[in-house]
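Under the working numbering, the first residue of the sequence shown carries the number 455, and numbering increases by one thereafter.
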Amino acid sequence: MILTRRLLACVAAALLLTNSVAARPAYFDPSLPIDKRVDDLMSRMTVDEKIGQLNQLFYITQFMKPEIIEPDLREGKIGSLLFVTDPATINRFQKVAVEQSRLKIPLLFGFDVIHGFRTIFPVPLALASSWDVDLVERVQTIAAREASATGIRWTFAPMLDVARDPRWGRIVEGAGEDPFLGARIAAAQVRGFQGQDPASPGRLLACMKHFAGYGAAVGGRDYDAAYISDAELYNVYLPPFKAAVDAGVGSAMSAYMDLNDVPATGNAFLLRDVLRNQWGFKGFVVSDADAVGNLVTHGFAEDKADAAARALTAGVDMEMSFPGNAVSGTYSSSLAKHVSEGRITKAQLDEAVRRVLEAKFKAGLFENPYADESRAASMHNNPEHRKMARIAAQRSAVLLRNEGNLLPLDPKFSSIAVIGPLADSKRDIRGSWSLADDMKTAVTVVEGIRAKVRSGVNVEYAPGIDIARSYPSIFELFFGPRPAAWNETQRREEFEKAVTLARSSDVVVMVLGQHEEMSGEGASQSTIELPGRQRELLEAVSALGKPTVLVLINGRPLDISWAVNRVPAILEAWHPGAEGGNAIADLLWGDATPVGKLPITWPRSSGQIPLYYARNLTQEPENKPGFKSRYWDIATSPLYPFGYGLSYTSFSYSNLRVSKATAKLGESVEVTVDVENTGRRAGEEVAQLYIHQRSGSASRPVRELKGFERVVLAPGEKKTVRFTLGKTELTYWSSAARGWVQEPATFDVWAGGDSTATLQRKFQITR
Ligand code: BGC
455 MILTRRLLAC VAAALLLTNS VAARPAYFDP SLPIDKRVDD LMSRMTVDEK
505 IGQLNQLFYI TQFMKPEIIE PDLREGKIGS LLFVTDPATI NRFQKVAVEQ
555 SRLKIPLLFG FDVIHGFRTI FPVPLALASS WDVDLVERVQ TIAAREASAT
605 GIRWTFAPML DVARDPRWGR IVEGAGEDPF LGARIAAAQV RGFQGQDPAS
655 PGRLLACMKH FAGYGAAVGG RDYDAAYISD AELYNVYLPP FKAAVDAGVG
705 SAMSAYMDLN DVPATGNAFL LRDVLRNQWG FKGFVVSDAD AVGNLVTHGF
755 AEDKADAAAR ALTAGVDMEM SFPGNAVSGT YSSSLAKHVS EGRITKAQLD
805 EAVRRVLEAK FKAGLFENPY ADESRAASMH NNPEHRKMAR IAAQRSAVLL
855 RNEGNLLPLD PKFSSIAVIG PLADSKRDIR GSWSLADDMK TAVTVVEGIR
905 AKVRSGVNVE YAPGIDIARS YPSIFELFFG PRPAAWNETQ RREEFEKAVT
955 LARSSDVVVM VLGQHEEMSG EGASQSTIEL PGRQRELLEA VSALGKPTVL
1005 VLINGRPLDI SWAVNRVPAI LEAWHPGAEG GNAIADLLWG DATPVGKLPI
1055 TWPRSSGQIP LYYARNLTQE PENKPGFKSR YWDIATSPLY PFGYGLSYTS
1105 FSYSNLRVSK ATAKLGESVE VTVDVENTGR RAGEEVAQLY IHQRSGSASR
1155 PVRELKGFER VVLAPGEKKT VRFTLGKTEL TYWSSAARGW VQEPATFDVW
1205 AGGDSTATLQ RKFQITR
């Protein structure tokens, strides 16, 4: 009897299961092509449900309660959430969407996975200093693995804004000033995040941002308008974005600021003409946070409803808006009305919805919506990831100066003074956008040095001074405010303590620079001065005449002109990430050799800004006899040129050759150069190739980077490096021709270790 009852129950359950499977709509069938699945799903959606898919909201655990948004999730009013970083909450929300909403469309969870997620890697400007595209790809592969295990399937990276003004705080988030280097790093990041397929395990959908021109903010002031000529846009600001599109990036974020008076988020030229029509971008576009609503603030849209209509028609598919409920966004509050009144056609709405749904299908969310909580847990303190973070930090550092080969430090030094406000700060070693890691696991410089030195060596630390922003940062919301400023007595005593410590030590490691929230978003600075009394401290310590190494922890070039003739060794570490302290110690004691090169020109002072190497020639070029300087009070040249960086060994370049003296339009020219390690240690060099087009329909920059290769060389070893200059490298956007041109002209070629390379050849392009 019991058996029969059980049997009946089984049959009933099996029937139910068959029914529910049979009842599952076609869009759940993974064997159908994605466009058919999207068609099927869209045919079942109401206008409100469609608008829901275009709505993305912040959910910040510290400030919100799940109950606020769950009813909206149930009603299908939200398509995506950002800033949820714990897998349990992600699964909780996902369950509401996929089990309790009418159409069971999964949510897409996004986050700013910029330079790591649980494991923090060096900041992007630092990673770019490695000029190592494989490294960058590997780093972003790990970041993707960690974030996707948590249920985050979409990163708001890579940030591809070319930046030529170091006052702009967000310079730290990008690859620096150069379109060629920027494009190579952009493609590597997309490959790292997305792999062959963003749906494959451990990968994420990437989002190139901020489209476009954000880095050219007037005065380097964050969010300020940018005025960029078409020639500059195509030749300088867009190439990294184009490279990301060519690498298959799945989404794009529209920028905040006005571009030539039209806000990027309402800019059809950018979002339709360039992105879709010229480049054939097939992914979807999300606005930056509240950028649609802010079309009103800009004085562009009349009201929020007008803003929604203009952003959508310009090409913004999804709106990112600040916390609240589903109707806090302008799309949610006004698109339905626009559709019913005909201002937005059904086809326009469907176009945006289709792109978002396509992305969700492509990301595999319908098959695999949940985070694996146990896998997510294994991403904390993963030793393999930490190892990579250490290597990345070693390879991102740039050695700026090393007089008398002070570095690597002599292991005989038996007392070491580590001095400076950043030397023992876990918060600051990581850098901007470190929001989901465990800060306690970050290794400071003091900790790294203590772990490195042999027993019996005394390592003492003194901060010496405190530093602070004059106006607080929005990111203090996450970590709390900085400790209160010291009072006068503390100031005097701490300063004195640091100098006394330096006096009694064999060697001094000064760690100066900036707090993590002194660069990044909302972190523009009016000058590039070292904040606070850092220079004074450096002067006081240098006056002691001890062997002194200056280690910089920062997110932008700083005015260190005073130091470059007085402090024998200077190592730019940027914000090197969670393993930063260990990596710095490795470099200081020679367990790693510096290989980084500056991805940005380093000005002597704020007054030189903007300063970049690929500028146009004037009637008074620097090599003209009698040329003094363009300013009468300061040299025209930078403190350190673009591409510059020393090693513990030295390299020499010779035998620069071009494969032909003359080539026809469209033909390639091969360039080769020999690089030799002329020092006594093994090392690695970034051989760089620059060109200049001597005449044409428009003036061309004095130099442009068109190739770079890493070469590993044993002492005395020599290798030949090859570059190809093809049609792409010799083509530019001419404002005279109003289009892309390759022109017959004479080209200069230089090869060397930085943008001031002197080894030169030329070739001619003819019709
Ligand atoms: C930033 C974006 C970021 C977004 C989400 C905005 O304020 O400009 O870069 O992706 O916030 O965090």
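Quick reminder that beta carbons are idealized off the backbone N, C-alpha and C, glycines included.
Across the structure, Glu521 and Leu486 are spaced so that their CA atoms are roughly 36 angstroms apart. In the structure shown, Gly636 adopts helical secondary structure according to DSSP, grouped into three states.
For Asp526, the enclosing alpha helix (DSSP H) has its first and last residue at 520-528. Residue pairing by DSSP puts Met772 in a beta bridge opposite Val740. For Asp678, the secondary structure class from DSSP, reduced to helix, strand or coil, is coil.
Not one heavy atom of the ligand BGC is found less than 7 angstroms from the C-beta of Phe776. Rounded to whole angstroms, the Cβ separation of Gly1099 and Leu853 is 6 angstroms, and the two are in contact under 8 angstroms. Look at Phe665 here: in three-state DSSP terms it is strand. Checking the 7 angstroms criterion, the Cβ of Leu1119 is out of range of every heavy atom belonging to the ligand BGC. Burial is judged here by how many other beta carbons sit within 10 angstroms of a residue's own beta carbon; Val644 has at least 16 and is buried. Note on Phe820: 16 or more other CB atoms within 10 angstroms of its CB, so buried under the neighbour-count rule. For Arg844, the enclosing alpha helix (DSSP H) has its first and last residue at 837-850.
Rounded to whole angstroms, Glu503 and Thr719 show a C-alpha spacing of 23 angstroms. A residue is called buried once 16 or more other Cβ atoms fall within 10 Å of its Cβ, and Arg491 is buried on that count.
Between the C-alpha atoms of Ala994 and Gly910 there is a straight-line separation of about 28 angstroms. Around the beta carbon of Ala666, 16 or more other beta carbons sit within 10 angstroms, so the residue counts as buried. With 16 or more other Cβ atoms from the protein chains shown falling within 10 Å of its own Cβ, Asp615 counts as buried. DSSP places Arg881 in the uninterrupted alpha helix (DSSP H) bounded by 880-884. Taking all protein chains shown into account, Glu1130 has 16 or more neighbouring C-beta atoms within 10 Å of its C-beta and is therefore buried.
Here the C-alpha atom of Ala830 lies approximately 8 angstroms from the C-alpha atom of Gly605. When the alpha-carbon of Ile1054 is set against those of Leu561, Ala480, Arg1157, Gly630, the nearest one is in Gly630.
At the C-beta level, Pro1092 and Leu1119 stay beyond 8 angstroms of one another. Setting aside the 5 residues that flank it on each side, Thr1103 is surrounded in the same chain by Asn1131, Gly1133, Arg1135, Gly1137, each with a C-beta closer than 6 angstroms to its C-beta; the list follows chain order. The Cβ atoms of Ala877 and Val899 lie closer than 8 angstroms to each other. Neighbourhood of the ligand BGC, defined by CB distance below 7 angstroms to any of its heavy atoms: Leu536, Phe537, Asp566, Phe610, Met613, Lys663, His664, Met707, Tyr710, Asp742, Ala743, Met774, Glu975, in chain order. For Ala1117, the enclosing beta strand (DSSP E) has its first and last residue at 1116-1118. A contact is defined here as three or more CB-CB pairs under 8 angstroms, and the segment 924-932 fails this definition with respect to the segment 941-959. In this structure Arg556 is exposed. Its beta-carbon is surrounded by fewer than 16 other beta-carbon atoms within 10 angstroms. Secondary structure in the segment 1009-1081: the alpha helix (DSSP H) runs of 4 residues or longer, each lying completely within the stretch, are 1015-1018, 1034-1042 in chain order. Restricted to the segment 927-1014, the alpha helix (DSSP H) segments that are unbroken, complete and at least 4 residues in length are 930-933, 942-957, 988-996, listed in chain order. Pro862 and Glu1197 have their alpha carbons spaced roughly 49 angstroms apart. In this structure, DSSP gives Ser1151 a state outside helix and strand, which the three-state scheme calls coil. With respect to the C-alpha of Val1127, the residue from Ser1108, Gln650, Arg607 having the closest C-alpha is Ser1108. Here Ala660 carries a coil assignment [DSSP, helix/strand/coil]. Close CB contacts of Ala790 within its chain, under the 7 angstroms cut and outside five residues either way in sequence, are with Val501, Asp502, Ile505 (chain order). C-alpha of Gly986 to C-alpha of Lys1114: approximately 56 angstroms in a straight line.
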